[in-house]
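The listed protein sequences correspond, in order, to chains A and B. According to the working numbering, the residues represented by the first sequence are 7 to 384, in order. According to the working numbering, the residues represented by the second sequence are 38 to 182, in order. Here a beta-carbon is modelled for each residue, glycine too, at the ideal position from N, C-alpha and C. In this text, all values refer to a predicted model and were calculated from it rather than measured experimentally.
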Amino acid sequence: MDGQLAPTRARVSFARAAFSVHSWLGLSFFVLLTTILLSGTLAVFREEIDWLIYPQMRVAPGPERVGLDRLIAAVRDTYPEMGLLGQFPAEADGPRTAIGVIGVSPRDGVRRVWVDPYRGVVQGTTPFVTAGYLLGQFHAYLMIPTWGFAIVCSLVFFLLASLITGLLTYRKFWRGFFRRPRARTLRTLMGDLHRLGGVWSIWFLVILIATSLWYFWIRVGEPLLHFPHAVHDETPPVMPVADFDRLGPGTPKMLSPEGLAAAVRQAFPGFRISYLRLPDTHGDAVTFGGNTGELFGQHLSRVYVEPYGGRILGYRLSRDSYSFAWAGALADGLHFGNFAGLVSKTIWFLFGAVVTALSITGVIVFWKRAARKAQPSQ
Amino acid sequence: MGVLKPVNLGIIVLSLAAMTMTIRFYSMSLDERAARYAAQPIGPFAMGVVMVAGLGDTSDPVRPGARAMVLAQYCQDCWKDIRRLWVNIGPKSMGSEGIRVIGQPGYAKAWVKFPEKIGPDTRLWMVAERWNGDLDQTSWPIEIR
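Structure, rendered in structure tokens:
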């Protein structure tokens, strides 16, 4: 008889141990974890939040879009003192959204300049740190340089352990998908909701954990733990020295951005330009970023063009080799659910809310249990 | 949460402080603390300089032994006419051995380092190369404010 009870006792002890670990994980960093989960849930709609707050970002769609020349000229003519930083987008995030260009104003600091892509008119500026941008950055690294990434990304191991111990605790969890929550007491209701939300969000948690492990690798592993670099920074090619020295003695004429874009499209039919990067010095290439229709990696492909004659100096197309950079783009798309517009974002938002609620319901269950144990027995 | 409760809360407080600093960093005007050097002729061009200790740094940029960011102010449409541009700080120009200015108009920058002693002969030098190879130079006196 004792022999038959022993395996049952061992199973119960194991489940109890898993429950203890699960509880400890959920409680230890409850505030931090809930903050990260909540900010991430809201950050799914960070672009939409900014669109609602800032009227400068909104446009009425027109029959066609203006070219790059007109977009750049509009910014330069409206704000001649502003220095443009980094990439100049050739596309907006949506058909009713203006193109946002980052610039440095001597008077106002770093700003985003919003240009109507259908009419080529500047609509105004917003702060660089918009509400949606702040939300996304807060979620990514709590605004704490370097160590913020370590703090946030390390929580993936808590999440992974919570998922595993949760499934070990909830025996035969596969039977729980359609179990109706009981409203007997608050603790019972929260416990049932916790289990119900948990089983339905297993797939979502797996995606979050997998993408967060990627972020841990590149944000913590590579800079702080000397992991091998998954993605290497690419130095854009420059004009051959002999060709550069041949320019002059008069000022050489640079082709217009639209003219250079035409050279790119001629060399790579079907290449959809999503941004360009102007040269920092004479002799540098103009970089055109975009894609040729591959899934994810909207900005991963690059073509480098010599600005005086339109010659292609080099290129890297993501369709030729799905590198770790593509994996990074995949992780970004799957982590925030922005691969299928509002549909995927809404699903990700809902399940993000469920996962956030798991953290809260778990703590409520623990508090109620602890309060009940603390009551004197009658 | 036990002993980890203050850790949780401490991280959140640190994050809020960092958030405030970040918002301030990106919205600060250069006018507040920049050293300005008025545009003056350099060959056929007219160039000026704005100098700051760094983006978001409220320190006075002109300090002995300190680094500063030089932002070259191009005359209108003359970025394309200046093949290369260099700056340096010291008693004499370093010519094309100076520090190369990199960037599009509006954010063309170079990091310079002040000598340990800033004297009456310490100047900010700028050298511009035209496409025919000719070099033009100008300079501004450095004064500690």
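Query, Result
"Which residue marks the beginning of the beta strand (DSSP E) containing residue 109 of chain B, and which one marks its end?", "104-110"
"To be precise: take each residue of the region 107-118 of chain A, compare its Cβ to all Cβ atoms of chain B, and keep it if any distance is under 9 Å. Which residues remain?", "109, 110, 111, 112, 113, 114, 115, 116 and 117"
"As a quick exercise: from A:238, A:168, A:201 and A:333, pick the residue whose alpha carbon is nearest that of residue 27 of chain A.", "A:168"
"When the distance is taken between beta carbons, is residue 38 of chain A closer than 7 Å to residue 45 of chain B?", "yes"
"Please compile the residues from chain B whose C-beta is within a distance smaller than 7 Å of the C-beta of residue 256 of chain A.", "168"
"With burial defined as no fewer than 16 other Cβ atoms inside 10 Å of the residue's Cβ, what is the status of residue 312 of chain A: buried or exposed?", "buried"
"Does the separation of the CB atoms of residue 158 of chain B and residue 128 of chain B fall below 7 Å?", "yes"
"Taking only beta-carbon atoms, is residue 265 of chain A less than 7 Å away from chain B?", "no"
"Put residue 178 of chain A into one of helix, strand or coil per three-state DSSP.", "coil"
"Just curious, the beta strand (DSSP E) that residue 275 of chain A is in, first and last residue?", "Segment: none, residue 275 of chain A is in no beta strand (DSSP E) and carries neither H nor E."
"Beta-carbon within less than 6 Å of residue 88 of chain B's beta-carbon, same chain only, minus the 5 sequence neighbours each way: which residues are those?", "72, 98, 105 and 107"
"Nearest-angstrom Cα distance between residue 56 of chain B and residue 199 of chain A?", "34 Å"
"Which bits of chain B does residue 133 of chain A rub up against, with CB to CB less than 9 Å?", "60, 63 and 64"
"Under a Cβ-count criterion, where at least 16 other Cβ atoms within 10 Å of its own Cβ denotes burial, should residue 52 of chain B be classed as buried or exposed?", "buried"
"What does residue 51 of chain B reach in chain A if we use C-beta pairs closer than 7 Å?", "150"
"If you reduce the DSSP assignment to three classes, tell me which class residue 77 of chain B lands in.", "strand"
"From what residue to what residue does the alpha helix (DSSP H) around residue 50 of chain A run?", "Counting along the chain, residue 50 of chain A falls outside any alpha helix (DSSP H), and DSSP gives it neither H nor E."
"Mind checking who residue 317 of chain A pairs with in its DSSP beta bridge?", "In DSSP, residue 317 of chain A forms no bridge with anything."
"Give the range of the alpha helix (DSSP H) segment to which residue 233 of chain A is assigned.", "Neither: residue 233 of chain A is in no alpha helix (DSSP H) and is coded neither H nor E."
"Output the boundary residues of the alpha helix (DSSP H) element that contains residue 192 of chain A.", "192-206"
"At which residues does the beta strand (DSSP E) containing residue 173 of chain B begin and terminate?", "172-178"
"Can you pull the DSSP bridge partners for residue 156 of chain B?", "Answer is none; residue 156 of chain B lacks a bridge partner."
"From the DSSP output, in three-state form, read off residue 24 of chain A for me.", "helix"
"Please classify residue 93 of chain A: does DSSP put it in a helix, a strand, or coil?", "coil"
"Quick check: what's the CA-CA separation for residue 364 of chain A versus residue 203 of chain A?", "7 Å"
"Under a three-way DSSP split, which group does residue 88 of chain B fall into?", "strand"
"Going along the chain, which residues of its own chain have a beta-carbon closer than 7 Å to the beta-carbon of residue 384 of chain A, five neighbours each way excluded?", "Note that residue 384 of chain A has pLDDT 46, beneath the 50 cutoff, so the model's placement of it is unreliable and no number is given."
"For the beta strand (DSSP E) containing residue 107 of chain A, name the first residue and the last one.", "105-111"
"Is residue 107 of chain A closer than 7 Å to residue 119 of chain A when the C-beta atoms are compared?", "yes"
"Anything in the region 186-202 of chain A with a Cβ closer than 9 Å to a Cβ of chain B? List those residues in chain order, please.", "none"
"Since residue 157 of chain A meets chain B, which of its residues come closer than 7 Å, beta carbon to beta carbon?", "48"
"Between which two residues does the beta strand (DSSP E) carrying residue 120 of chain B extend?", "119-127"
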